[in-house]
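Heads up: the sequence shown begins at 337 in the working numbering, then just goes up one per residue.
The structure under discussion appears below in the form of structure tokens.
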Amino acid sequence: MDNKKILIVDDDKNICELLRLYLEKDGFSTIVANDGGDALHQAQITNPDLILLDIMMPVLDGWQVCREIRKNSNVPIIMLTAKGETFDKVLGLELGADDYVTKPFDSKEVVARIKAVLRRIGDGDKANSVQEVRYDKLRINLTNYELEVDNTQIDTPPKELELVYHLASNPNRVYTRDQLLDEVWGFDYYGDSRTVDVHIKRLREKLEGVSDKWSLKTVWGVGYKFEVK
337 MDNKKILIVD DDKNICELLR LYLEKDGFST IVANDGGDAL HQAQITNPDL
387 ILLDIMMPVL DGWQVCREIR KNSNVPIIML TAKGETFDKV LGLELGADDY
437 VTKPFDSKEV VARIKAVLRR IGDGDKANSV QEVRYDKLRI NLTNYELEVD
487 NTQIDTPPKE LELVYHLASN PNRVYTRDQL LDEVWGFDYY GDSRTVDVHI
537 KRLREKLEGV SDKWSLKTVW GVGYKFEVK
């Protein structure tokens with residue numbers, strides 16, 4: 337975990353300072369930004385290993401920053417949200433957030449969440465072999481985040497690609513929505529499973545009718561599976 341670079345984004349300078357002290361004490365290096373515009377700038381020039389991102393901020397809010405970053409980066413993002421703010425969990429997941437922490441938070445908990453997210457990413461990196469599955473007219477490459485359908489590369493958001501890769505890597509196995517949230521997003525999202533349905537719907541639009549040898553199936557009352565005939 338040493339020398340991992342964390343970008344802390346919050347318009348409350350006291351919160352930034354508190355997080356900075358805790359993280360540096362734990363061996364992380366830190367960069368601080370106090371508004372959404374600076375956050376995007378710092379993310380671009382410093383290439384952090386993880387971003388702690390407040391939602392309510394001047395210039396650009398956390399949602400806008402998350403959306404912009406996800407256009408060209410898979411850097412892990414943990415959203416910071418004040419208690420009492422409306423936190424749309426589904427929106428957070430759809431925009432590609434990896435986790436979220438509610439304020440007021442315990443700094444030790446934030447450090448633990450950061451380590452958990454980085455560990456997940458690291459475990460993926462350790463498998464140096466190319467992570468790819470292929471079926472008739474379909475190639476899903478998790479190493480380069482590429483989805484190829486009928487020899488054409490399709491732009492796919494990271495979580496959609498991770499979801500279809502997970503299902504296709506375990507053909508004919510039925511997953512509940514909660515299992516998919518836990519295994520693809522990596523944490524329990526309090527049973528809010530609508531986001532899985534949204535991602536499956538978008539994947540279906542890309543994959544429907546491509547081949548008669550496999551399909552993305554709904555198992556009514558249970559969940560989903562990647563069916564191989």
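Even for Gly, the Cβ is constructed at its ideal location relative to N, Cα and C.
Predicted, not measured: the structure shown is a model, and the values here were computed from it.
Among the options, nearest to residue i - alpha-carbon criterion
i	options	result
Arg509	Leu357, Leu552, Glu353	Leu552
Thr471	Leu503, Arg449, Thr492, Pro493	It is Tyr, not Thr, that sits at residue 471 in the sequence shown. Measuring from the Cα of Tyr471, the nearest candidate turns out to be Leu503.
Val558	Ala452, Glu541, Val564, Asp533	Asp533
Asn383	Trp521, Ile413, Asp397	Ile413
Met392	Leu354, Asp371, Arg406, Tyr436	Asp371
Asp362	Asn350, Thr438, Val446	Val446
Asn410	Ser505, Asp548, Asn506, Pro493	Pro493
Gln378	Lys341, Lys349, Tyr358	Lys341
Leu454	Leu539, Asp434, Phe441	Asp434
Glu353	Leu388, Val368, Asn339	Val368
Val546	Val564, Ser529, Thr554, Asn408	Val564
Gln489	Asn350, Lys473, Lys561	Lys473
Leu396	Thr417, Asp348, Gly373, Lys537	Gly373
Residue i - DSSP class collapsed to helix/strand/coil
i	result
Val395	coil
Val558	coil
Asp374	helix
Val485	strand
Ala448	helix
Val411	coil
Ala369	strand
Lys340	coil
Arg356	helix
One or two residues paired with residue i in a DSSP bridge
i	result
Arg470	Arg475
Ile351	Answer by DSSP bridge pairing: none, since Ile351 is not bridged.
Tyr436	Met415
Asp390	Leu416
Val564	Trp550
Residue i CB to nearest heavy atom of the ligand GDP below 7 Å
i	result
Leu539	Ligands displayed in this structure: none; no statement on the ligand GDP is therefore possible.
**Request:** Tell me the start and end of each unbroken alpha helix (DSSP H) in the region 502 to 555 that is at least 4 residues and wholly inside, in chain order.
**Result:** 513 to 516, 530 to 543
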